[in-house]
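Numbering (full-length UniProt numbering), first residue to last: 1 to 503.
Here is the structure we will look at.
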C-alpha cells in the first residue's frame, strides 16, 4: 500500500512533459518531467518522510539540498528512520550517508554503480538495492536531482582502518599493525624558518610533524573509501605460527644484541602481516580458497576457520584461526630479464664523447626469448673492456638461491668483432649498490657465483636453462646480478633466474 501511496504523490508532483534523450543524458541530466521543487521541497511535501527532513534541517544538510547542484538522495521513511542518535556529529554523518553529489537513476543503471556519499563513504548501487537496502520507489526526478525512496536506513559503517585502529580486544596481528603508527617529520608541510650558508632549507620541526602509519603508507591505505579490500586477521596462535615459519627467511641483521633481535622480529612481522590484505572484497560465504595479496602472494584460505566477520564501508575484515602460506608461495623465484631498463655498464668517454671502441649494448628482438628480446653487451676493444653487465634483481630472502641463465652465442664471440675461433665464456655474480649520485652508480665488488662458462647454443629454441651456481644470503638484501666476460668478448643473456632452495 505504501508503494502505491508514494507513486500517487510522485505523479501529482510531476510536470507532465517529456523529451527524448540519449542514454548518457538520461543517466546524468535532469529529465524535463520533473517534480515541482528541489529535493528538499519534494521531501517536505511527503509527510511519511518527515523524520528524515527533520534530521536534514537539524544537521544543516537541508541547505545543501536546496542548492542548484545535482544530488541523489536515498530517503528512508518514518517507519525505518526512527530512534536515531541525538549526537549531532553522528547524526550528520548518518544523514550525509544518504546523499550523493551526482545524479544516479536506478532504471538507467547497467549492472551497478559506486556512489560516493557526501561524507566520503562509497556505496554499491544496483537496480534492486543499495548496499542490500531495497527501494520502495525509485527515480523521482526533482529540480536539482533524484530521490530514491528506500526500505531501510543506510547505517554508518566504519572503514577497515577505523575498525583496526579502534579495536578494543587483544590480538597480536592488529597490535602489530597499530604499532606502526606515529608522528614523523614531513618537510612538505613544515615551515621554513631559514637557510644554511649552503642554501639548504632549515625547517621548524614542530610544524613538520604529521601522523602516519607505515602499513597504510607502504602496503594498503585501508582508510580509502573509494577502494575495496578484504583483510584477514589471524588469531594469536596463527600469527605466531606464521612468524615461526618465516623468522629465519627475513633477517635484516646477523647480530644477536637485543636491538638486532628486535629489528629481525619487526622485519618478519612486517613480511607476514602484509600477506593478508587483498584488493577484492569477499564476505565469509563467497571468499575463494585462494587469494592473491596486494604483495602478489597466493594465500590459501579455509573459510571454515573464519571465526567472525565485520562488514566495513570499504570491504570485509575476517578473523581467522590461521592461514598456512607455503614457503614456495611466499619466497618466489626471481626472474631478471636482461633487457631490463635497470641495467648498467661502464661508459668510457674522452672529453665527454664515447671513446672509440667503447662497449656497446644491444637490445635484440628475439621472438623465441622469454620476453621477445635478449641483451648483448659487446666489449669489442681490449683497451676499453668494461667490467660487465649489471642488472637490478630486487630483494632476496635470507636463504639459499640457485642461479640460472639462458643465453645464446649466435654472433661468434662479438657482434662487432666476430671470431669463429674464439669461445664466448662468461661468469655470473652479484653485487650491491653502494651509492648513486647524479646518475653515477657505485657498486660493491663482485661476489662470484660461477666460474667462466662457455655459451654453447646458438638459438633460443634449443638453448637450455643452465644452472651456473648457488649462494646463500644471511640477510635480506637488494641485489644486482653481474655478468662478466672472460676476455674482450661480449656477454649475453635472455634472462637470469634465482630460485630459492629450501633444502
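Ideal placement from N, C-alpha and C gives every residue a C-beta, glycine not left out.
Only a predicted model underlies this, so the values are computations on that prediction, with no experimental measurement involved.
Taking the continuous beta strand (DSSP E) assigned at residue i, which residues delimit it?
| i | result |
| --- | --- |
| residue 470 | 466-472 |
| residue 169 | Counting along the chain, residue 169 falls outside any beta strand (DSSP E), and DSSP gives it neither H nor E. |
| residue 264 | Counting along the chain, residue 264 falls outside any beta strand (DSSP E), though it belongs to the alpha helix (DSSP H) covering 258-273. |
| residue 160 | Premise fails: residue 160 lies in the alpha helix (DSSP H), 160-165, not in any beta strand (DSSP E). |
| residue 328 | Residue 328 -> not in any beta strand (DSSP E); alpha helix (DSSP H) instead, spanning 327-330. |
| residue 299 | 298-300 |
| residue 373 | 373-378 |
| residue 205 | Element bounds for residue 205: n/a, residue is neither H nor E. |
| residue 394 | 389-396 |
| residue 192 | 191-195 |
DSSP three-state call for residue i: helix, strand or coil?
| i | result |
| --- | --- |
| residue 489 | coil |
| residue 480 | strand |
| residue 44 | helix |
| residue 314 | coil |
| residue 236 | helix |
| residue 363 | strand |
| residue 245 | helix |
| residue 177 | helix |
| residue 81 | coil |
| residue 38 | coil |
| residue 307 | strand |
| residue 62 | helix |
| residue 292 | strand |
| residue 31 | Its pLDDT being 47, under 50, residue 31 is placed unreliably by the model, and nothing is read from it. |
| residue 6 | Caution applies to residue 6, whose pLDDT of 43 falls short of 50 and renders its modelled position unreliable; the value that the coordinates give is listed next. Correct three-state label for residue 6: helix. |
| residue 321 | coil |
| residue 24 | Caution is warranted here: a pLDDT of 34 is assigned to residue 24, below 50, making its placement in the model unreliable, and the coordinate value is therefore given only provisionally. Helix, per DSSP. |
| residue 148 | strand |
| residue 70 | coil |
| residue 92 | helix |
| residue 216 | helix |
| residue 106 | helix |
| residue 154 | coil |
| residue 345 | coil |
| residue 334 | strand |
| residue 417 | coil |
| residue 254 | coil |
| residue 385 | coil |
| residue 449 | coil |
| residue 75 | strand |
| residue 17 | Summary for residue 17: the model assigns pLDDT 31, below 50, so the residue's position carries little reliability, and this model does not support an answer. |
| residue 502 | coil |
| residue 86 | coil |
| residue 430 | strand |
Where DSSP assigns a beta bridge to residue i, which residues make up the other side?
| i | result |
| --- | --- |
| residue 117 | 100 |
| residue 134 | 129 |
| residue 435 | 442 |
| residue 406 | 495 |
| residue 221 | Partner(s): none; residue 221 has no beta bridge. |
| residue 425 | 454 |
| residue 278 | 230 |
| residue 112 | 126 |
Among the options, which residue has its Cα nearest to the Cα of residue i?
| i | options | result |
| --- | --- | --- |
| residue 283 | 276, 153, 315, 396 | 315 |
| residue 128 | 105, 116, 141 | 105 |
| residue 227 | 146, 82, 115 | 115 |
| residue 107 | 147, 201, 88 | 147 |
| residue 209 | 191, 444, 375, 225 | 191 |
| residue 404 | 333, 378, 388 | 333 |
| residue 239 | 319, 285, 415, 221 | 319 |
| residue 297 | 324, 150, 197 | 324 |
| residue 49 | 153, 280, 495 | 153 |
| residue 103 | 117, 409, 368 | 117 |
| residue 391 | 63, 417, 492, 74 | 492 |
| residue 414 | 185, 336, 362, 161 | 362 |
| residue 69 | 60, 77, 101, 221 | 101 |
| residue 293 | 306, 305, 272, 309 | 272 |
| residue 163 | 503, 259, 311 | 311 |
Check the Cβ-Cβ distances between residue i and every residue of chain C, and say whether any is below 8 Å.
| i | result |
| --- | --- |
| residue 240 | In the structure shown, chain C cannot be found, because there is only a single protein chain. |
So the alpha helix (DSSP H) residue i belongs to, where does it begin and stop?
| i | result |
| --- | --- |
| residue 56 | 50-59 |
At least 3 beta-carbon pairs within less than 8 Å: the stretch 54-65 vs the stretch 80-99: yes
Three or more C-beta pairs below 8 Å linking the stretch 41-50 and the stretch 131-148: yes
Three CB pairs or more closer than 8 Å across the stretch 420-430 and the stretch 443-460: yes
Stretch pair the stretch 219-233 + the stretch 267-287: three plus CB contacts closer than 8 Å: yes
The stretch 248-261 / the stretch 147-158 touching (three or more Cβ pairs under 8 Å): no
Segment contact, 8 Å Cβ cut-off, at least three pairs: the stretch 433-445 with the stretch 404-423: no
At least 3 beta-carbon pairs within less than 8 Å: the stretch 469-481 vs the stretch 363-382: no
Touching by the beta-carbon criterion (3+ pairs, under 8 Å), the stretch 175-192 and the stretch 212-221: yes
Touching by the beta-carbon criterion (3+ pairs, under 8 Å), the stretch 331-345 and the stretch 364-380: yes
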